[in-house]
Amino acid sequence: MSPAAVTLTILALAIVAFVSNRVPLGIVAIGVSVALWFTGVLDLGQALSGFGDPTVVFIACLFVVSEALDSTGVTAWVGQQVIERGGRRRTPLIVTVCILVALLTALISVNGAVAALIPVVVVVATRVGLPPSQMLMPLAFSAHAGSQLALTGTPVNIIVSEAAADAGARPFAFFEFGLVGLPLLTGTLLIVALLGRRLLPERAPSMLPQDVTEHARALGEQYALPEGTELISVRRGVTEVVVSPRSELIGMHLFPGMVTPSGDLVILGLQRGGAELVAPDSMLQAGDTMLLTGTWDRLQAHTAGPEVLVVDDPAGLRRGVPFGVGAWRAVGILAAMVVLLATGVVPPAIAGLLAASAIVLTGVLTPSQVYRSVSWTTVVLVAGMIPLSTAFVSTGTADMIAGTLLGIVGNASPHLALLGICVITVALGQVISNTATVLIMAPIAVAVAGDLGVSVLPFLMALAVAGAASFLTPVATPANTMILEPGGYRFGDYWKLGLPLIALFLAIAVLYVPLVWSFG
Numbered sequence: 000m001s002p003a004a005v006t007l008t009i010l011a012l013a014i015v016a017f018v019s020n021r022v023p024l025g026i027v028a029i030g031v032s033v034a035l036w037f038t039g040v041l042d043l044g045q046a047l048s049g050f051g052d053p054t055v056v057f058i059a060c061l062f063v064v065s066e067a068l069d070s071t072g073v074t075a076w077v078g079q080q081v082i083e084r085g086g087r088r089r090t091p092l093i094v095t096v097c098i099l100v101a102l103l104t105a106l107i108s109v110n111g112a113v114a115a116l117i118p119v120v121v122v123v124a125t126r127v128g129l130p131p132s133q134m135l136m137p138l139a140f141s142a143h144a145g146s147q148l149a150l151t152g153t154p155v156n157i158i159v160s161e162a163a164a165d166a167g168a169r170p171f172a173f174f175e176f177g178l179v180g181l182p183l184l185t186g187t188l189l190i191v192a193l194l195g196r197r198l199l200p201e202r203a204p205s206m207l208p209q210d211v212t213e214h215a216r217a218l219g220e221q222y223a224l225p226e227g228t229e230l231i232s233v234r235r236g237v238t239e240v241v242v243s244p245r246s247e248l249i250g251m252h253l254f255p256g257m258v259t260p261s262g263d264l265v266i267l268g269l270q271r272g273g274a275e276l277v278a279p280d281s282m283l284q285a286g287d288t289m290l291l292t293g294t295w296d297r298l299q300a301h302t303a304g305p306e307v308l309v310v311d312d313p314a315g316l317r318r319g320v321p322f323g324v325g326a327w328r329a330v331g332i333l334a335a336m337v338v339l340l341a342t343g344v345v346p347p348a349i350a351g352l353l354a355a356s357a358i359v360l361t362g363v364l365t366p367s368q369v370y371r372s373v374s375w376t377t378v379v380l381v382a383g384m385i386p387l388s389t390a391f392v393s394t395g396t397a398d399m400i401a402g403t404l405l406g407i408v409g410n411a412s413p414h415l416a417l418l419g420i421c422v423i424t425v426a427l428g429q430v431i432s433n434t435a436t437v438l439i440m441a442p443i444a445v446a447v448a449g450d451l452g453v454s455v456l457p458f459l460m461a462l463a464v465a466g467a468a469s470f471l472t473p474v475a476t477p478a479n480t481m482i483l484e485p486g487g488y489r490f491g492d493y494w495k496l497g498l499p500l501i502a503l504f505l506a507i508a509v510l511y512v513p514l515v516w517s518f519g
C-alpha cells in the first residue's frame, strides 16, 4: 500500500473507533500516532510531535484558567448577576442566558462555560416555572456560537490559526474571530427566540443540580438550627458527613457546639436515624450523621479521610458561592492573559503558561487542583491527532483529496469548493470530536486553496465555523452530552433545533466569510 492509502486506512479505522464509543478517545488518538510510526508513514519524532506542540500546551493552560474562575465562584457570580436581570419572561431570560454563555465561552471554552452555568440555569428555570429543557439546549448551542468570538473560545480556533501561519499566511488575531462570531451569535439568538418554543421539548429532567441556597435551608430545617443561621458564605461552609464503619470516631461522645477532635471544625448537629442525638451518655455509632462547619479549606482537609463519608462534597458546594476567595486574583490573571493574547506580545502558549503559573503562585489553585482541572482526554486527543494532519500533508493525501473534491465541484467557483469542505466537516463533526475533525480537514482546506490559487484564510475561518456546528447529536461535543440528563433530553431532540442552526452556520461560512476574508 502507498503511504497515502495507509494514512486513509488509519483515518477510517480511527473514525470507526470514535463512532463505536467502545474505545476511549485518548486511546484512539494514541493509536493513530503509534500506527503512523509503526507503518513507516512518519518517523518517531513526527509521530510524537503533537505532545510537544504549542497548541496542545495552550489548550491545557486554558483548562487551568477555566478551573480558577469556576472554583473561586466567578462564573457563579456572573451567572447569578446576569440571569437575575433577565426577568421571569421566557424569551428575555433565554436570550440573556445565551448571551452570557457566549461571552463566557469566548474566554474559558465551550465545555467550561456550559458546565459552570448548567446548575445556575436549571435552578433559575425551576424558580420561574420553565422546564429546564427549554433553556439548556439554547445554552449549549449558544456556547458553540460564542466559541467564535475570540481565539480562546475553542481549541479549533487555535488549530486553524496555527494552520494559517504554517501555510505561509498569517495567524488570526485574538478578536478577529469576533467578525464571524457576532453574526453567528445574532443568528443563533434569533432562531432560539423565534423557533425555540416549538422545536424544544417540555420535559422533566431525570436529575437536577444542587441549589446551594435551597440545600442550606434544608439542612437548617433538618437539624433544627436557629432561624437566620448563616451556613454558607465566602470563607466558611458546611457539610454533612456519615460516620463510616470501623471509624475511630465510633464510641466517642460528641455533642452540638463541640469542636471536633481535629480542633478545626464545629459540630452543628448530630442525628441517628433522622432523630437528634443529644443524650448525655450517647456514643457515636457507624451510620450516625453530623453537620460540620468551618472554613472551606478545613472542611475539605478534615473530611477527606476514612473516618467519615461525605454526603455533600465541600468543593462542589464552594463553587456555588458567588465571587469567593481568590476571585479577584483569578479575574486579574485572566485579564492579563487576554491582554497578552490580544497584543501578541508573546506566543499563545507562553501567555497560557504564565497565566497557569500565576494561578498557582498566587494561591488560587494548588498544584494538585491544577493537574485535576486539565481535561487530559482533550489534550491527548489533540496531541495524538496532530500527527495525522502531518501525515496528510507529507504523504500527499491532502492534495489527493483536494484534487478529487475539485474534480467534483470544478475550479470555476471557490465558493463551491468551500461548501464541499464545510459540508464534510459538519457531517464528520456530528459523530467524532470537532477538534479531531478540524485537524483532519485543515490540510485538505489548505491544499484546495493552493490548487485554486486563492488565500487560505477564508477556507480556514470557514472551517472553524463548520467545526462549531455540532448540533445534531448529544455525542457531538461534551457540552451537548452535559445537558442530556439535566434537560431530560432524548437522542432525537437535538436535530430539531440543530438543523436550522447548521443551515445558518453553513450560510455564514460559505457566503459571509469570503466577504470579510477575501479569496484574492
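Letter 516 of the sequence shown, counting from 1, is numbered 515 in numbering that gives the first Met the number 0, and no numbers are missing. For every residue, glycine included, the Cβ atom is placed at its ideal position computed from N, Cα and C.
Check                                                                                                                                                                            : Outcome
In terms of alpha-carbon separation, which member of I439, G227 and V241 lies closest to G273?                                                                                   : V241
Which residues bound the alpha helix (DSSP H) around Q221?                                                                                                                       : V211 to Q221
Which residues does DSSP pair with L308 in a beta bridge?                                                                                                                        : V241
Answer yes or no: does any C-beta atom of chain B fall closer than 8 angstroms to that of T302?                                                                                  : In the displayed structure, chain B is absent; only one protein chain is listed.
Which partner residues of V258 appear in the DSSP bridge assignment?                                                                                                             : V265
How long is the line joining the alpha carbons of A382 and T125, rounded to whole angstroms?                                                                                     : 41 angstroms
Does DSSP classify T74 as helix, strand or coil?                                                                                                                                 : helix
Among V320, T403 and T187, which one has its Cα closest to the Cα of V464?                                                                                                       : T187
Assuming G293 is part of the beta strand (DSSP E), what are its boundary residues?                                                                                               : T288 to T294
Bridge partners for G236 per DSSP, in chain order?                                                                                                                               : G293
Inspect the beta-carbon positions of P137 and I93 and report whether they are closer than 8 angstroms.                                                                           : yes
May I have the straight-line CA-CA distance separating H414 from C97, to the nearest angstrom?                                                                                   : 31 angstroms
Looking at C-beta atoms only, is the number of pairs between the region 429 to 442 and the region 17 to 33 that lie closer than 8 angstroms three or more?                       : yes
Determine, using beta carbons only, whether G323 and V233 come nearer to each other than 8 angstroms.                                                                            : yes
Could you work out which residue in L68, M282, Q80 and R235 is closest to L298 when comparing CA atoms only?                                                                     : R235
According to DSSP, A274 sits in a beta bridge with which residue or residues?                                                                                                    : R271
Secondary structure at G323, three-state DSSP: helix, strand or coil?                                                                                                            : coil
At what residues does the alpha helix (DSSP H) containing I107 begin and finish?                                                                                                 : R89 to I107
Which residues mark the beginning and the end of the alpha helix (DSSP H) in which F50 is found?                                                                                 : No alpha helix (DSSP H) contains F50, which DSSP labels as neither H nor E.
Starting from the N-terminal side, write out each stretch of the alpha helix (DSSP H) that is 4 residues or longer and does not extend beyond the region 5 to 47.                : 24 to 37 and 43 to 46
Write down every uninterrupted run of the alpha helix (DSSP H) in the region 340 to 370 whose length is 4 residues or greater and which is fully enclosed by it, in chain order. : 347 to 360
Could you check where the alpha helix (DSSP H) with S160 kicks off and where it finishes?                                                                                        : P154 to D165
If we count the other Cβ atoms within 10 Å of its Cβ and call it buried at 16 or more, is V277 buried or exposed?                                                                : exposed
Is Q284 helix, strand or coil by DSSP?                                                                                                                                           : coil
For the candidate residues W375, N156 and F391, whose alpha-carbon lies nearest to that of A4?                                                                                   : F391
G544: which of A217, L316 and T476 sits nearest, CA to CA?                                                                                                                       : Shown here, the chain extends from 0 to 519; a query on residue 544 therefore has no answer.
Counting pairs of beta carbons, one from the region 327 to 338 and one from the region 25 to 42, are three or more of them closer than 8 angstroms?                              : no
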